[in-house]
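So in this note's numbering, the last spot in the sequence shown is 1763, and the numbers never skip.
Ideal Cβ placement from N, Cα and C applies to all residues, glycine included.
These numbers come from a predicted model, not from an experiment.
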Amino acid sequence: MKRKKAAFIIVIITLIIFITAELTYNPSIRILASVINFSESTLKSPDYLAYGIDLKDLFRNYANADVEYSGSAYIKKLSGFPYSISGTINGQRSASQKQFSCKSNVDVLVLSVGQLEIYAKGNTVYLVAPMLGDIAYGFNTGEDLFPQAPNLSNDINREWFHNNKKNIYNFVRSIKIEKTDDIFVDDDGTKAYEYRITIPKGQGQFIWDLLGTDAPDHDIKTSLYLDKFNHTRKIVFDLSHKTKGEYVAIYGNNLGTLEIYSPLPEKEDFVATIKRNGNNKYTNSYTIAAVYTTSGGDKYTLNSGLLLNYTEDGVKAEGTDITIAKNKTSLAEGYMKGRIQTKENMGDVFENAGADLSGVQVIDWDTIKNDTASFVDDVISKARENVELIN
């Protein structure tokens, strides 16, 4: 009897050692364990970036759809201007038309000074200012202003992971996984080691079905950083197939921060960070920071809080503590709030707004970027010639 007990104990210990070794040293097993941990732990955390948000609905019915919005904005500080500015805003955005409109009735203190209009189409932004004597400019950014969000066929939730257990298992066992020496140190000091994943062309069809897109005609490279408990601390999606060095990363204890980085021509770059504030129980709260670095080394920054809530008639959004700065010098501060809702049978966005772009002078962005001060002075001079109030 004692021998049977001893043999049983030895078997149990052997199994424990084997399982521990597999979870520690076998990359495929660690990745599978991390997927289980993500679906059973991270998705339940209020710190998770998309906690409480139906991504399928958000992408399909707002990001990739025709929408209209309305609200108000308040600028409490504008560099070189001693008065507060407020105004109503309303407009439309069409992903299919790649068009955007925004009209604002502007008040300085309690005095109405006129209308300001902003439009966009493709990669060009238009500024039309009847309040400044019909000054109108267009800026060719050279970048697509209407990127397509994933057209999800299902929300990313526990149910999807449960229904695709077999797909995930077969997928992980068939892809290339390489453990590297690269380490990510989280804010709480936890170390996570990189597992570099290469998804060969033609693999993972169930993932592309989820994203609502065709399978890519090239290999996909992704990195997972796992701590010793196989808890994912960081995911990096390498987008070098589009632009060398470009990536999207999600990181943090429960993946609460999104970072988008894009190198630009002429040694410029852009990075945006969105972090969820999980301690807010009543709304979806985020902190946004964006930095555009010019070839001359100047840094233009945008910092803001964002409150996002679903309502019966759409999405309610509020931008708080908005600050725009150049090299730490504040250019403008304020806040805005409004509602966004899906619009069916929208019609042409520009026609609906009554846009008249016939007199717009289109300027290449490089012209303004290389001598912003001269451009601003020129606009102010023309406005003073046209509008007596500005003097």
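Asked	Found
Considering just the uninterrupted stretch of the beta strand (DSSP E) at Lys-1616, what are its terminal residues?	Segment: none, Lys-1616 is in no beta strand (DSSP E) and carries neither H nor E.
Alpha carbon to alpha carbon, how far is Gly-1514 from Leu-1636? Give it in angstroms, no decimals.	10 Å
Can Phe-1410 and Thr-1585 be called in contact, C-beta distance under 7 Å?	no
Given Gly-1650, which residues of its chain have a CB within under 6 Å of its CB, disregarding the five upstream and five downstream residues?	Pro-1418 and Asp-1419
Leaving aside the five residues before and after Gly-1686 along the sequence, list all residues of the same chain whose C-beta is less than 6 Å from its C-beta, in chain order.	Arg-1711, Ile-1712 and Gln-1713
Whose C-alpha, out of Phe-1601, Tyr-1597 and Lys-1573, is nearest the C-alpha of Asp-1591?	Lys-1573
What residues are listed by DSSP as bridge partners for Lys-1671?	Thr-1665
What's the gap between the Cα of Asn-1512 and the Cα of Val-1497?	7 Å
Considering just the uninterrupted stretch of the alpha helix (DSSP H) at Phe-1578, what are its terminal residues?	1577-1583
For the beta strand (DSSP E) holding Lys-1698, just list the boundary residues, first then last.	1686-1698
Which of the three DSSP states is assigned to Thr-1396 in this structure?	Caution is warranted here: a pLDDT of 46 is assigned to Thr-1396, below 50, making its placement in the model unreliable, and the coordinate value is therefore given only provisionally. Helix, per DSSP.
Can you grab the Cα-Cα spacing for the pair Tyr-1764 / Val-1734, in whole Å?	Lying outside 1373 to 1763, the shown extent of the chain, residue 1764 is not represented and no answer is given.
Taking C-beta to C-beta, are Ile-1622 and Leu-1630 nearer than 7 Å?	yes
Cα separation between Ile-1540 and Leu-1404?	8 Å
Ordered along the chain, which non-local residues of its own chain (more than five positions away) have a Cβ less than 8 Å from that of Met-1708?	Gly-1443, Ser-1444, Ala-1445, Tyr-1446, Ile-1461, Glu-1690, Gly-1691 and Ile-1694
Between the C-alpha atoms of Thr-1552 and Lys-1606, what's the straight-line distance to the nearest angstrom?	14 Å
Does Tyr-1441 pass the burial test, meaning 16 or more other C-beta atoms within 10 Å, or should it be called exposed?	buried
Any idea what DSSP makes of Ala-1405, helix, strand or coil?	helix
Cα separation between Ile-1579 and Leu-1427?	15 Å
With Ile-1607 as the anchor, note down where its beta strand (DSSP E) starts and where it stops.	1604-1610
Which class does Glu-1723 belong to by DSSP, given the choice of helix, strand or coil?	helix
Looking at the unbroken alpha helix (DSSP H) that takes in Ile-1540, where does it start and where does it end?	1537-1546
Are the CB atoms of Leu-1583 and Pro-1522 within a distance shorter than 7 Å?	yes
Taking 7 Å as the limit between beta carbons, can you name the residues of its chain near Asn-1526, skipping five residues before and five after?	Lys-1428, Trp-1532 and Leu-1582
Are the Cβ atoms of Ile-1528 and Ile-1549 separated by less than 7 Å?	no
Only counting the same chain, and skipping five residues up and downstream in sequence, which positions put a Cβ closer than 6 Å to that of Ser-1476?	Gly-1459, Ile-1461 and Leu-1488
Less than 7 Å between the beta carbons of Ala-1492 and Leu-1524, yes or no?	no
Is the closest heavy atom of the ligand MN to the C-beta of Leu-1678 under 6 Å?	With respect to the ligand MN, the structure offers nothing, as it holds no ligand at all.
Is it right to say Lys-1722 is buried, meaning 16 or more other beta carbons lie within 10 angstroms of its own, or is it exposed?	Here residue 1722 is Phe; the residue named in the question, Lys, does not match the sequence. Flag for Phe-1722 reads buried.
Checking 7 Å against the spacing of the C-beta atoms, do Ile-1660 and Leu-1678 come in under that value?	yes
How would you label Tyr-1434, buried or exposed, when you count the other beta carbons within 10 angstroms and need 16 or more for buried?	buried
Between Leu-1598 and Arg-1402, is the Cβ-Cβ spacing less than 7 Å?	yes
Taking 8 Å as the limit between beta carbons, can you name the residues of its chain near Gly-1424, skipping five residues before and five after?	Pro-1418 and Asn-1656
Give me the Cα-Cα distance between Glu-1638 and Lys-1470, rounded to the nearest whole angstrom.	26 Å
What did DSSP end up calling Phe-1533 once you bin it into helix, strand or coil?	helix
Near Ala-1644, which residues of its chain fall below 6 Å by C-beta distance, leaving aside the five closest residues on each side in sequence?	Ile-1632 and Ala-1662
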